[in-house]
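What the sequence shown shows, in our numbering, is residues 951 to 1010, in sequence order.
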Amino acid sequence: MTSDQYANERIEKLAGDKALLRARLGDVIRICEAVRYTAGLGKGQVERLEKAKSILAETA
């Protein structure tokens, strides 16, 4: 395997990992939003939730 082939395979794997991470992060955000509206979250938790949502929006 050449270094170019290895690099291309690594790029493809990272792209797949990124897509999976985005999907999972979206799931976690939806769960946190549901908890926020039903049981309530603390101020720190709400801030982390908002930060996660902004990161997800930036990478879209």
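All C-beta atoms, glycine included, are put in the ideal place defined by N, C-alpha and C.
- Here the alpha carbon of A965 sits roughly 12 Å from the alpha carbon of A957.
- By a beta-carbon distance limit of 8 Å, I979 does not contact A1007. Their separation comes to about 10 Å.
- Judged by DSSP in its simplified three-state form, L991 adopts coil rather than helix or strand.
- The beta carbons of R974 and T1009 sit no closer together than 8 Å.
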